[in-house]
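*Asks:*
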RNA sequence: CCGGGUGUGGCGAAGUUUGGUAUCGCGCUUGAAUGGGGUUCAAGAGGCCGCUAGUUCGAAUCUAGUCACUCGGACCA
């Protein structure tokens, strides 16, 4: 009965994955709906995850020499229109400011959907000599895209992200930057979020508006659908020319610099939920969990229990663990369920019986494994357990990815595999957009990426039979 | 934007077919006992039934309009 009651708040993922996802977002207090469609409230616990992501990534960016700055949120229409492909790609989902105070504006202002154009205008003013390069910039901000449908974390009209924008003297250097930042993203996803990725290049159809090349990391969710977790773009000198950003190079020649941009958003939190979560709720990777261990005093009004629990919490805090002690007036069982729902990686139970024996109970969120531990050992054991949870989550997600990636030799086979199992289907491909459209039309899958780790699955395109150029991954995407 | 569904205390629902002045569960408040998987008992507070207009002696219930949310589809660097 008690067991049943615990799960009644969250729909089983096997019953309805979409509903399960929404339940977790709400019940774990990550997010809430606001009065405006597609605009969400990041609640403290959800925002804390983002803060951890920011803290870690920001350090990684700076390690590679990037500097943070902040650009305005409004873009004059004329500026947005300078690069043709870019404006065509974004125009359908722009929101506009047309009135200021009482007055209609002479030129309407776009609320940034991304900031390439603003950066370009700025770069034009500050890049004049080869000595001004490279410029390695990043900003943390929110952007606005007027999506028709929205889902918590996965598709907001306003969402939080970071966008890196860099300028380089040579094509090679800019390409290296594009690849390097994709690697930073992949490293972060795998080692901090425990989400294994497939790295690769996007097809022309799927690439960023105005980019020459788009690289992406693709992750597989628990329901075997794909989530694009981060992208890194190489622009060549297209925007430089469109915005007339030029400088004098070492040979006293006028040159156009080469540009990149790369971005990653709060969508990742949706990825964490759908990669690691289970029917009891959220499961957080220890490295980004706002609380890594929760201390639950049992029979806490009995003499000495609370003091002992606080002492243990403080010791672990001193050992560098993010600890929370739950002293609220709820029954222990209620607290167990609550913190499970919120995905806290480790739970420490401490009651009168334990105190007598100088021990406590440690429970892993990922496996449910429960063990008695001597209080002396906590400082050494807790970090080890957190690492074990982190690794356990990665291994499980990795298995899901490998077990659900299949080669196919024909469109029919790809379609059948998708219908029967889902997941990623890999085929050879001729490079024609027509084949991508056909795959979408007949099998419901879009191209995910052409992985850097290419495999030779055959000579011919699985869709049209013409000579193949690349091995490509297909999937149903979020 | 196209189609389906739903709007009733904070949340989830019943009541709508056949009009008669709103019911239940959870949560909340107070008190007591409990405490190792959502603890129990007692006493309370809280709603002009999404909004507007109409029909009627009388509307949560019928009619028209409107708004919001939601699920599919289309769209989505």
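Numbering (this note's numbering), first residue to last: 741 to 1218.
Note that CB positions come from ideal geometry on N, CA and C, so glycine has one too.
(1) Please report the distance separating the alpha-carbon of residue 900 from that of residue 958.
(2) Assign residue 1000 to one of two classes, buried (16 or more other C-beta atoms within 10 Å of its C-beta) or exposed (fewer than that).
(3) How many whole angstroms separate the CB atoms of residue 1021 and residue 789, which I take to be in contact at a CB cut-off of 8 Å?
(4) Between which two residues does the beta strand (DSSP E) harbouring residue 1087 extend?
(5) Would you report the Cα separation of residue 1169 and residue 912, rounded to the nearest angstrom?
(6) In chain order, what residues of the same chain have a beta carbon less than 7 Å from the beta carbon of residue 757, not counting five sequence neighbours either side?
(7) What residue from 809, 1019, 831, 1026 has the CA that sits closest to residue 755's CA?
(8) Compare the Cα-Cα distances from residue 1063 to each of 1026, 1154, 1040 and report the closest residue.
(9) Near residue 1111, what residues of its chain come up, given a Cβ to Cβ distance below 6 Å and the 5 sequence neighbours on each side ignored?
(10) Can you name the start and end residues of the beta strand (DSSP E) that residue 772 belongs to?
(11) Let me confirm a value: residue 993 is counted as buried when at least 16 other C-beta atoms fall within 10 Å, else exposed. Which label applies?
(12) First and last residue of the beta strand (DSSP E) that includes residue 907?
(13) On the three-state DSSP scale, how would you describe residue 1022?
(14) Determine the closest residue to residue 1049 out of 1058, 1061, 1066, with distance taken between C-alpha atoms.
(15) Sorted by chain position, which residues of the same chain lie with C-beta nearer than 8 Å to residue 1182's C-beta, five sequence neighbours on each side aside?
(16) Could you check if residue 1037 is buried or exposed, using at least 16 other CB atoms within 10 Å of its CB as the buried criterion?
(17) Measuring alpha carbon to alpha carbon, tell me which of 1107, 848, 1051 ends up nearest residue 818.
(18) Using only the alpha-carbon positions, how far apart do residue 743 and residue 1081 sit?
(19) I need the boundaries of the beta strand (DSSP E) containing residue 1191, first residue and last residue.
(20) Out of curiosity, what's the CA-to-CA distance linking residue 1203 and residue 1166?
(21) Going by DSSP, what residues sit across from residue 1164 in a beta bridge?
(22) Which term fits residue 902, buried or exposed, when burial requires 16 or more other beta carbons within 10 angstroms of its beta carbon?
*Replies:* So, to answer that:
(1) 19 Å
(2) buried
(3) Rounded, the Cβ-Cβ distance is 14 Å, inconsistent with contact.
(4) 1086-1090
(5) 27 Å
(6) 963
(7) 1019
(8) 1026
(9) 1102
(10) 771-773
(11) exposed
(12) 898-908
(13) coil
(14) 1066
(15) 1151, 1155
(16) buried
(17) 848
(18) Because residue 743 carries a pLDDT of 32, less than 50, the predicted location of this residue cannot be relied on, and the following value inherits that uncertainty. For residue 743 and residue 1081, the distance between alpha carbons rounds to 13 Å.
(19) 1186-1191
(20) 12 Å
(21) 1145
(22) buried
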